[in-house]
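*Asks:* Protein chains in written order, with the working numbering: chain A, 138 to 543; chain B, 5 to 233.
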Amino acid sequence: MNDIIKNILIGLSAIRSNIVRVALTSLGLTIGIFTVSIVTAGVSSIDKEFAKSMAYYGNDKLYVSTWPWSFDFDWWKYRNRPKVKEESLSYINQYSEYVTDVSVKKNTWIKATYQNKASWLQINGVYPSYGDMLSGTKVVNGRFFSQNEWDLQRRVVIVGGKVREGFFDGESPIGQKIKIGGVTVEIIGELKEQGMGMVPGGTLDNLVIMPSTTFKRILTRWGFDELVLRAKPEDLNKAKEEVAMIMRVARKLRPDQEDNFSVNSADAYQSQFDSLKTAIAAMGFMVTGISLVVSGIGIMNVMFVSVKERTKEIGLRKAMGATNNNILIQFLSEAIAISIIGGTIGIALVKLITIALSSYGGLPVDFDLLLIFYTFIICVFIGVISGMIPARTAANLNPIDALRHE
Amino acid sequence: MAKSKKEIISIKSISKIYHLGDNVVKALDKASLSIYENDFISIMGPSGSGKSTLMNIIGCLDVPTNGTYKFNNQLISKMNDSQLANIRNEKIGFVFQTFNLLPKLNAVQNVEVPLIYSSLNRKERLERSKEALNIVGLSDRMSHKPNELSGGQRQRVAIARALVNKPSIILADEPTGNLDSKSGEEILKFLDKLHKAGNTLIIVTHEKSVAKRAKRRIEIFDGKITLDE
Numbered sequence: 138m139n140d141i142i143k144n145i146l147i148g149l150s151a152i153r154s155n156i157v158r159v160a161l162t163s164l165g166l167t168i169g170i171f172t173v174s175i176v177t178a179g180v181s182s183i184d185k186e187f188a189k190s191m192a193y194y195g196n197d198k199l200y201v202s203t204w205p206w207s208f209d210f211d212w213w214k215y216r217n218r219p220k221v222k223e224e225s226l227s228y229i230n231q232y233s234e235y236v237t238d239v240s241v242k243k244n245t246w247i248k249a250t251y252q253n254k255a256s257w258l259q260i261n262g263v264y265p266s267y268g269d270m271l272s273g274t275k276v277v278n279g280r281f282f283s284q285n286e287w288d289l290q291r292r293v294v295i296v297g298g299k300v301r302e303g304f305f306d307g308e309s310p311i312g313q314k315i316k317i318g319g320v321t322v323e324i325i326g327e328l329k330e331q332g333m334g335m336v337p338g339g340t341l342d343n344l345v346i347m348p349s350t351t352f353k354r355i356l357t358r359w360g361f362d363e364l365v366l367r368a369k370p371e372d373l374n375k376a377k378e379e380v381a382m383i384m385r386v387a388r389k390l391r392p393d394q395e396d397n398f399s400v401n402s403a404d405a406y407q408s409q410f411d412s413l414k415t416a417i418a419a420m421g422f423m424v425t426g427i428s429l430v431v432s433g434i435g436i437m438n439v440m441f442v443s444v445k446e447r448t449k450e451i452g453l454r455k456a457m458g459a460t461n462n463n464i465l466i467q468f469l470s471e472a473i474a475i476s477i478i479g480g481t482i483g484i485a486l487v488k489l490i491t492i493a494l495s496s497y498g499g500l501p502v503d504f505d506l507l508l509i510f511y512t513f514i515i516c517v518f519i520g521v522i523s524g525m526i527p528a529r530t531a532a533n534l535n536p537i538d539a540l541r542h543e
Numbered sequence: 005m006a007k008s009k010k011e012i013i014s015i016k017s018i019s020k021i022y023h024l025g026d027n028v029v030k031a032l033d034k035a036s037l038s039i040y041e042n043d044f045i046s047i048m049g050p051s052g053s054g055k056s057t058l059m060n061i062i063g064c065l066d067v068p069t070n071g072t073y074k075f076n077n078q079l080i081s082k083m084n085d086s087q088l089a090n091i092r093n094e095k096i097g098f099v100f101q102t103f104n105l106l107p108k109l110n111a112v113q114n115v116e117v118p119l120i121y122s123s124l125n126r127k128e129r130l131e132r133s134k135e136a137l138n139i140v141g142l143s144d145r146m147s148h149k150p151n152e153l154s155g156g157q158r159q160r161v162a163i164a165r166a167l168v169n170k171p172s173i174i175l176a177d178e179p180t181g182n183l184d185s186k187s188g189e190e191i192l193k194f195l196d197k198l199h200k201a202g203n204t205l206i207i208v209t210h211e212k213s214v215a216k217r218a219k220r221r222i223e224i225f226d227g228k229i230t231l232d233e
């Protein structure tokens with residue numbers, strides 16, 4: 138063991154005396170490790186954000202919409218579909234076995250103002266029952282609106298977690314009055330802050346929820362309606378089929394006609410997201426793979442030069458009693474060290490980028506110890522693979538010829 | 005010759021045959037030789053005579069094709085690479101014509117090189133290296149790098165390196181070949197001193213004046229030992 142350490146130290150001293158060459162050689166690995174880390178961290182961050190968005194849609198909810206939830210949205214196919222109407226809810230209420238709660242969800246985006254501040258907010262008009270149907274968030278301050286307020290078309294709203302920061306400098310928004318499309322409304326509730334979502338419309342933070350009756354009265358501009366239905370999670374697929382049937386009946390579709398509506402649920406996004414994620418990961422790993430191979434070749438090349446340069450030293454060490462294994466370890470540890478230096482710089486770069494990104498407030502990138510561990514393993518592996526042939530060449534040199542080498 | 009002394013090296017009828025394409029070269033042809041404790045031997049011969057081959061075999065850098073070579077009664081001629089490396093490490097000190105110091109290491113570190121491949125710990129290695137430099141009179145040049153030393157000083161560092169593992173024999177290949185006559189003389193005097201201190205020395209040279217310093221002269225020609233007196 139002691140023997141191995143001594144030879145490793147000899148190998149490492151060669152690094153110190155060739156620092157520029159080592160730095161340039163390890164650059165390839167730096168890039169490789171950098172890419173793989175960014176891709177891994179990025180994918181896992183996207184994953185987390187996505188899970189958050191999924192929580193918002195809920196595993197117990199169906200959304201009856203004009204359009205399917207899809208990343209490859211074919212507008213031409215769906216543009217002639219009739220709008221989803223609140224009236225369909227009465228059919229669902231009447232005939233559905235699995236749906237337990239229903240609400241309309243009217244959507245629009247509008248400029249809201251408070252004193253001299255203005256912001257575009259997403260506005261939802263819903264039933265009082267929607268308060269119990271919220272998923273992935275809840276009312277943390279104040280309360281949801283009541284049936285009475287819905288009946289009376291009261292101008293009361295519940296706001297998302299970011300509104301506090303945007304309008305009220307972090308003060309509680311409860312009881313404050315803001316203007317939405319020129320109409321003054323009072324804030325009676327606040328939702329828990331969600332963080333950024335990955336799916337279009339998948340954030341509750343810049344949201345204003347109001348009674349759908351109020352919505353109809355004060356906001357008659359553009360937007361669209363959806364029906365939000367709740368069922369037990371285990372019944373969701375059955376409920377999905379059932380609701381589709383009821384909708385077909387409600388719309389009086391003939392058997393040969395296609396659905397002119399979509400019943401959506403979170404898993405539709407999930408499968409599409411998974412394939413997207415796989416594509417990103419495959420791309421990243423390909424780039425990484427190439428750069429790792431190239432950097433491995435680079436290290437091998439430099440190691441051959443190093444062996445050639447130090448042929449006489451190898452001869453001398455062998456004459457002084459170094460065994461083949463001593464020499465092998467010396468050169469292998471030099472190769473591994475070059476590799477680890479490259480990997481360390483790569484990891485350091487990733488760390489810097491992570492810090493920069495998180496303070497900038499962009500996509501948060503995850504960074505964990507496991508990543509460092511894997512990087513270390515990869516570096517040792519590449520060091521061994523690319524150093525083995527040059528180190529064996531060095532170890533097997535004939536001491537007499539090596540000593541005579543100039 | 006003091007035959008009563010302990011025999012260190014016993015070489016019996018060794019040959020070294022190289023195949024260069026279709027040509028068969030006999031670098032050594034049934035040479036026999038015994039070396040005793042505290043011998044001071046010079047080996048002379050023109051280039052191509054086989055003296056380098058003989059020196060490489062004595063130095064355990066190479067093994068003979070035929071014949072037997074015993075070192076302290078151990079059969080060297082059948083040893084593998086790492087066994088040979090151990091013999092070189094423990095029993096043999098090398099001094100080269102071109103010094104062969106490692107340029108990036110200082111004097112002490114250079115002297116330490118053979119000990120790195122022994123089982124000594126760091127502290128012992130450092131002590132032994134300093135002691136060896138003391139013997140060659142360079143205790144004030146411990147941390148100098150080879151390029152900060154004169155030729156004679158460099159060769160003394162190399163001699164210290166050969167002495168440091170307390171070898172059974174010291175093998176010097178043209179030790180004065182790269183030195184001016186004054187430094188060369190200094191080194192030869194020093195080798196004399198080592199002999200008187202009880203060391204066993206073998207000097208390979210082609211200079212008669214150097215060879216004359218030895219107590220026993222061996223000449224080699226065409227792979228055969230032609231003189232041993």
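Glycine included, each C-beta is placed from N, C-alpha and C at the ideal position.
With DSSP as the reference, label residue 262(A) as helix, strand or coil.
*Replies:* strand
*Asks:* Of all the residues that make up the region 453-483 of chain A, which are near chain B by a beta-carbon distance shorter than 8 Å?
*Replies:* 453, 454, 455, 456, 457, 458, 459, 460, 461, 462, 463
*Asks:* Assuming residue 166(B) is part of the alpha helix (DSSP H), what are its boundary residues?
*Replies:* 155-167
*Asks:* With DSSP as the reference, label residue 368(A) as helix, strand or coil.
*Replies:* coil
*Asks:* Using a Cβ-Cβ cutoff of 7 Å, what residues of the region 141-162 of chain A are near chain B? List them in chain order.
*Replies:* 143, 154
*Asks:* Report yes if the CB atom of residue 439(A) is closer than 8 Å to the CB atom of residue 167(A), and no otherwise.
*Replies:* no
*Asks:* By the three-class DSSP mapping on this structure, what secondary structure does residue 331(A) have?
*Replies:* coil
*Asks:* In chain order, which beta strand (DSSP E) runs of at least 3 residues are fully inside the region 140-218 of chain A?
*Replies:* Listed in chain order, the beta strand (DSSP E) runs fully inside the region 140-218 of chain A are 198-202, counting runs of at least 3 residues.
*Asks:* Three or more beta-carbon pairs under 8 Å between the region 262-275 of chain A and the region 194-213 of chain A, yes or no?
*Replies:* yes
*Asks:* Identify the residues that DSSP records as bridge partners of residue 23(B): which are they?
*Replies:* 28(B)
*Asks:* Nearest by alpha-carbon distance to residue 456(A): which of 536(A), 422(A), 409(A) is it?
*Replies:* Closest option to residue 456(A), judged by alpha-carbon separation, among 536(A), 422(A), 409(A): 536(A).
*Asks:* How many angstroms separate the CA atom of residue 132(B) from the CA atom of residue 154(A)?
*Replies:* 26 Å
*Asks:* Rounded to the nearest angstrom, what separates residue 7(B) and residue 61(B) at their Cα positions?
*Replies:* The pLDDT assigned to residue 7(B) is 49, lower than 50, so where the model puts this residue is not dependable, and the model offers no usable value.
*Asks:* Report the start-end ranges of each alpha helix (DSSP H) in the region 258-305 of chain A that is 4 residues or longer and not cut off at the edges.
*Replies:* Secondary structure in the region 258-305 of chain A: the alpha helix (DSSP H) runs of 4 residues or longer, each lying completely within the stretch, are 267-270, 284-288, 300-305 in chain order.
*Asks:* Following the continuous beta strand (DSSP E) through residue 400(A), name the residue where it begins and the one where it ends.
*Replies:* Annotation for residue 400(A): the continuous beta strand (DSSP E) segment containing it runs 399-401.
*Asks:* Cβ of residue 165(B) within 8 Å of Cβ of residue 107(B)?
*Replies:* no
*Asks:* Taking Cβ-Cβ distances below 8 Å as the criterion, which residues of the region 98-110 of chain B are in contact with chain C?
*Replies:* Absent from the structure is chain C; the protein chains it does hold are A and B.
*Asks:* Residue 53(B): which of 152(B), 19(B), 160(B) sits nearest, CA to CA?
*Replies:* Relative to the Cα of residue 53(B), the nearest Cα in the group 152(B), 19(B), 160(B) belongs to 19(B).
*Asks:* If you reduce the DSSP assignment to three classes, tell me which class residue 232(A) lands in.
*Replies:* helix
*Asks:* Got a sec, what are the start and stop residues for the alpha helix (DSSP H) residue 240(A) sits in?
*Replies:* Residue 240(A) -> not in any alpha helix (DSSP H); beta strand (DSSP E) instead, spanning 238-251.
*Asks:* Which complete alpha helix (DSSP H) runs does the region 373-460 of chain A hold, if anything under 4 residues is left out?
*Replies:* 373-387, 403-446, 448-456
*Asks:* Measure how close the beta-carbons of residue 145(B) and residue 111(B) come, nearest whole angstrom, since I'm counting them as under 8 Å.
*Replies:* 5 Å
*Asks:* In the DSSP assignment, what residue or residues form a beta bridge with residue 48(B)?
*Replies:* 209(B), 223(B)
*Asks:* Under DSSP, the beta strand (DSSP E) around residue 348(A) begins and ends at which residues?
*Replies:* 344-348
*Asks:* Buried or exposed for residue 287(A), please, with buried defined as at least 16 other CB atoms from any protein chain shown within 10 angstroms of its CB.
*Replies:* buried
*Asks:* Could you work out which residue in 477(A), 201(A), 174(A) is closest to residue 229(A) when comparing CA atoms only?
*Replies:* 201(A)
*Asks:* Assuming the contact rule is C-beta atoms closer than 8 Å, residue 82(A) and residue 436(A) should be a hit. Round their C-beta distance to whole Å, please.
*Replies:* Only positions 138 to 543 of chain A appear in the structure, and residue 82(A) is not among them; the question remains open.
*Asks:* Interface residues of chain A around residue 162(B) at Cβ under 8 Å?
*Replies:* Chain-ordered listing is empty here: chain A has no CB closer than 8 Å to the CB of residue 162(B), the nearest sitting near 10 Å.
*Asks:* Quick one: Cα of residue 534(A) to Cα of residue 184(B), how far?
*Replies:* 33 Å
*Asks:* Can you list, in chain order, the residues of its chain whose CB lies under 7 Å from that of residue 102(B), leaving out five sequence neighbours each side?
*Replies:* 182
*Asks:* Buried or exposed: residue 532(A), going by 16 or more other Cβ atoms within 10 Å of its Cβ?
*Replies:* In the assembly as shown, residue 532(A) is a buried residue. Its beta-carbon has 16 or more other beta-carbons within 10 Å.
*Asks:* Within 10 Å of its beta-carbon, does residue 5(B) have 16 or more other beta-carbons around it, so buried, or fewer, so exposed?
*Replies:* Reliability fails at residue 5(B), whose pLDDT of 47 lies under 50, so the model's placement of it is uncertain and the value that follows must be treated cautiously. By the neighbour-count criterion, in which 16 or more other beta carbons inside 10 Å mark a residue as buried, residue 5(B) falls on the exposed side.
*Asks:* Closest Cβ-Cβ distance between residue 7(B) and chain A: below 8 Å?
*Replies:* Residue confidence is low: residue 7(B) scores 49 on pLDDT, short of 50, so the model does not pin down where it sits. Its coordinate-derived value is still stated next. Output row for residue 7(B): interface = no.
*Asks:* From the DSSP output, in three-state form, read off residue 121(B) for me.
*Replies:* coil
*Asks:* With a threshold of 6 Å on Cβ separation, who are the neighbours of residue 67(B) within its own chain once the five nearest residues in sequence on each side are excluded?
*Replies:* 81
*Asks:* Secondary structure at residue 143(B), three-state DSSP: helix, strand or coil?
*Replies:* coil
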